[in-house]
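Please read the structure below before turning to the comments.
2 protein chains.
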Amino acid sequence: MRVLGIDPGSRFCGFGVVEDAGGTRMRHLAHGVLSLGEERPIEERLQLLHEGLARELALHRPDIVAIEDVFHARNARSALVLGQARGVALLAAAQSGAKVRSFSPSTIKQAVTGTGRAEKEQVGRMVSVLLGVAFAGRLDATDALATAICGILRANDPQEAVARSPRGDWRVALARRFGK
Amino acid sequence: MRVLGIDPGSRFCGFGVVEDAGGTRMRHLAHGVLSLGEERPIEERLQLLHEGLARELALHRPDIVAIEDVFHARNARSALVLGQARGVALLAAAQSGAKVRSFSPSTIKQAVTGTGRAEKEQVGRMVSVLLGVAFAGRLDATDALATAICGILRANDPQEAVARSPRGDWRVALARRFGK
Chain A
1 MRVLGIDPGS RFCGFGVVED AGGTRMRHLA HGVLSLGEER PIEERLQLLH EGLARELALH
61 RPDIVAIEDV FHARNARSAL VLGQARGVAL LAAAQSGAKV RSFSPSTIKQ AVTGTGRAEK
121 EQVGRMVSVL LGVAFAGRLD ATDALATAIC GILRANDPQE AVARSPRGDW RVALARRFGK
Chain B
181 MRVLGIDPGS RFCGFGVVED AGGTRMRHLA HGVLSLGEER PIEERLQLLH EGLARELALH
241 RPDIVAIEDV FHARNARSAL VLGQARGVAL LAAAQSGAKV RSFSPSTIKQ AVTGTGRAEK
301 EQVGRMVSVL LGVAFAGRLD ATDALATAIC GILRANDPQE AVARSPRGDW RVALARRFGK
């Protein structure tokens, strides 16, 4: 199983590709940052974002695209700007045929460090440890790789598997129908 | 000149196409609402939105795509959800080759009613008057048509034309460069 994690932004977009190597072992395949140009109009940056992600998705053909979900933002304006980039990333993921999974920031931190309130440095160190790769200097794609790792670990989690099985879905549908 | 106005949402997306008929006269060409399905995952709804808008853009070939800008929202969550739809709409517009223009809600209301604080009903009545079409019943695409009308009127505004002329751009670039 292969997961491509996306950390979308309106000026830079990080991505990271991680493969399941059995159990909790994982293999780093690629990571990078798409630069969208700060001076361009937003619609051109979104077009660059879509082209860049479509290229990476076609290259790596992930089974799952993992993306951070956002519930909080400095203000409505920054949430809207972030939402625009996230919408285009979700579109590119859906168009590639991959399954899409959203994870909250705390779920991602919990998955890679064991605590939902980890600092950015701790997340970076654990990304290196879990992937067995020493990243030199500041790694802009850390969040994207952490999101991809979370996608792998959650997909392998038996609890998650039950919740997503046909029987699980059927129970949820039934509960919804009868208001339980 | 032809303008396609978009009122993007994550469940419904209104669109309206208006053509310049000389002076302040305008011709209604089309309007409609894309239904994205409330039960689908967001990435599928965004894919339906992109396909639907791409189809309308290919059909009507507007010179300008006009879209409402949003600065306020109930909360960061609703701004993010709206932003996702807006991002996909901006992408479809850019991919069509049309110029993109964003207008604040008050600019749109000002353009069609003369006041930036007009009620929804007043906007609806003026859309009917300006386009010379009596719309029966509730019109879901009113906001999209109002945005398209704003796009026509602002493009014909001499003030706007100066600001967007090559010379205007050159002055802005120079002022930026020298920090004026």
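Chains A and B, in that order, are what the protein sequence lines are.
The working numbering applies: residue 1 is where the first sequence begins, and numbers increase by one.
The working numbering applies: residue 181 is where the second sequence begins, and numbers increase by one.
No residue lacks a Cβ here, since even glycine has one placed at the ideal position from N, Cα and C.
Note that the structure is predicted; figures quoted are calculated from it, not measured.
Under the three-state DSSP convention, the category residue i falls into
{"i": "histidine 50 of chain A", "result": "helix"}
{"i": "alanine 134 of chain A", "result": "coil"}
{"i": "aspartate 20 of chain A", "result": "strand"}
{"i": "histidine 252 of chain B", "result": "coil"}
{"i": "leucine 36 of chain A", "result": "coil"}
{"i": "aspartate 323 of chain B", "result": "helix"}
{"i": "glycine 294 of chain B", "result": "coil"}
{"i": "glutamate 119 of chain A", "result": "coil"}
{"i": "arginine 235 of chain B", "result": "helix"}
{"i": "arginine 61 of chain A", "result": "coil"}
{"i": "arginine 344 of chain B", "result": "Because the pLDDT at arginine 344 of chain B is just 47, under 50, the model does not fix this residue reliably, and the value given afterwards should be weighed accordingly. If DSSP states are grouped into helix, strand and coil, arginine 344 of chain B belongs with the helices."}
Within chain A, the residues that residue i reaches when beta carbons sit closer than 7 Å
{"i": "isoleucine 222 of chain B", "result": "Leu90"}
{"i": "histidine 230 of chain B", "result": "Leu91"}
{"i": "arginine 257 of chain B", "result": "Phe71"}
Beta-ladder partner(s) of residue i, from DSSP
{"i": "arginine 281 of chain B", "result": "B:Ala246"}
{"i": "aspartate 187 of chain B", "result": "B:Gly194"}
{"i": "methionine 1 of chain A", "result": "DSSP lists no partner for methionine 1 of chain A."}
{"i": "methionine 306 of chain B", "result": "Bridge partners of methionine 306 of chain B: none, in fact."}
{"i": "histidine 28 of chain A", "result": "A:Val18"}
9 Å Cβ cutoff, residue i in contact with chain B
{"i": "valine 162 of chain A", "result": "Because valine 162 of chain A sits at a pLDDT of 45, beneath the cut-off of 50, its placement in the model cannot be relied upon, and the following sentence gives the value as read from the coordinates. It does not; no Cβ of chain B falls within 9 Å."}
{"i": "histidine 72 of chain A", "result": "yes"}
{"i": "glycine 87 of chain A", "result": "yes"}
{"i": "arginine 2 of chain A", "result": "no"}
{"i": "alanine 94 of chain A", "result": "yes"}
{"i": "glycine 83 of chain A", "result": "yes"}
{"i": "valine 100 of chain A", "result": "yes"}
Rounded C-alpha distance that separates residue i from residue j
{"i": "aspartate 200 of chain B", "j": "methionine 26 of chain A", "result": "59 Å"}
{"i": "alanine 181 of chain A", "j": "glutamine 84 of chain A", "result": "With chain A covering only 1 through 180, there is no way to say anything about residue 181 of chain A."}
{"i": "arginine 254 of chain B", "j": "valine 133 of chain A", "result": "43 Å"}
{"i": "methionine 1 of chain A", "j": "histidine 60 of chain A", "result": "11 Å"}
{"i": "aspartate 187 of chain B", "j": "arginine 220 of chain B", "result": "20 Å"}
{"i": "valine 65 of chain A", "j": "arginine 305 of chain B", "result": "46 Å"}
{"i": "valine 183 of chain B", "j": "alanine 92 of chain A", "result": "27 Å"}
{"i": "glutamate 121 of chain A", "j": "leucine 131 of chain A", "result": "16 Å"}
{"i": "valine 100 of chain A", "j": "alanine 89 of chain A", "result": "10 Å"}
{"i": "alanine 148 of chain A", "j": "glycine 267 of chain B", "result": "23 Å"}
{"i": "valine 123 of chain A", "j": "phenylalanine 103 of chain A", "result": "15 Å"}
{"i": "histidine 31 of chain A", "j": "glycine 9 of chain A", "result": "16 Å"}
{"i": "phenylalanine 251 of chain B", "j": "arginine 297 of chain B", "result": "15 Å"}
{"i": "alanine 291 of chain B", "j": "proline 242 of chain B", "result": "20 Å"}
{"i": "glycine 196 of chain B", "j": "serine 308 of chain B", "result": "13 Å"}
{"i": "arginine 357 of chain B", "j": "leucine 49 of chain A", "result": "Since pLDDT at arginine 357 of chain B reaches only 39, below the 50 mark, its modelled position is unreliable, and the value read off the structure follows with that caveat. Whole-angstrom Cα-Cα distance: 27 Å."}
{"i": "lysine 109 of chain A", "j": "alanine 278 of chain B", "result": "42 Å"}
{"i": "threonine 287 of chain B", "j": "cysteine 330 of chain B", "result": "8 Å"}
{"i": "alanine 341 of chain B", "j": "histidine 28 of chain A", "result": "Caution applies to alanine 341 of chain B, whose pLDDT of 49 falls short of 50 and renders its modelled position unreliable; the value that the coordinates give is listed next. Approximately 52 Å between the Cα atoms of the pair."}
{"i": "glutamate 68 of chain A", "j": "proline 105 of chain A", "result": "6 Å"}
{"i": "alanine 146 of chain A", "j": "arginine 154 of chain A", "result": "12 Å"}
{"i": "glycine 23 of chain A", "j": "glycine 37 of chain A", "result": "40 Å"}
Beta carbon proximity, residue i to chain A, threshold 9 Å
{"i": "leucine 260 of chain B", "result": "yes"}
{"i": "leucine 237 of chain B", "result": "no"}
{"i": "aspartate 187 of chain B", "result": "no"}
{"i": "phenylalanine 358 of chain B", "result": "Unreliable positioning characterises phenylalanine 358 of chain B in this predicted model, as indicated by a pLDDT of 41, which lies under 50. The coordinate reading is nonetheless provided below. Phenylalanine 358 of chain B does not count as touching chain A."}
Beta-carbon neighbours of residue i, restricted to chain A and to distances below 9 Å
{"i": "glutamine 227 of chain B", "result": "Leu90, Leu91, Ala94 and Gln95"}
beta-carbon residue i near the ligand MG non-hydrogen atom, thresh 8 Å
{"i": "leucine 59 of chain A", "result": "Within the structure as shown, the ligand MG is missing, as the structure has no ligands at all."}
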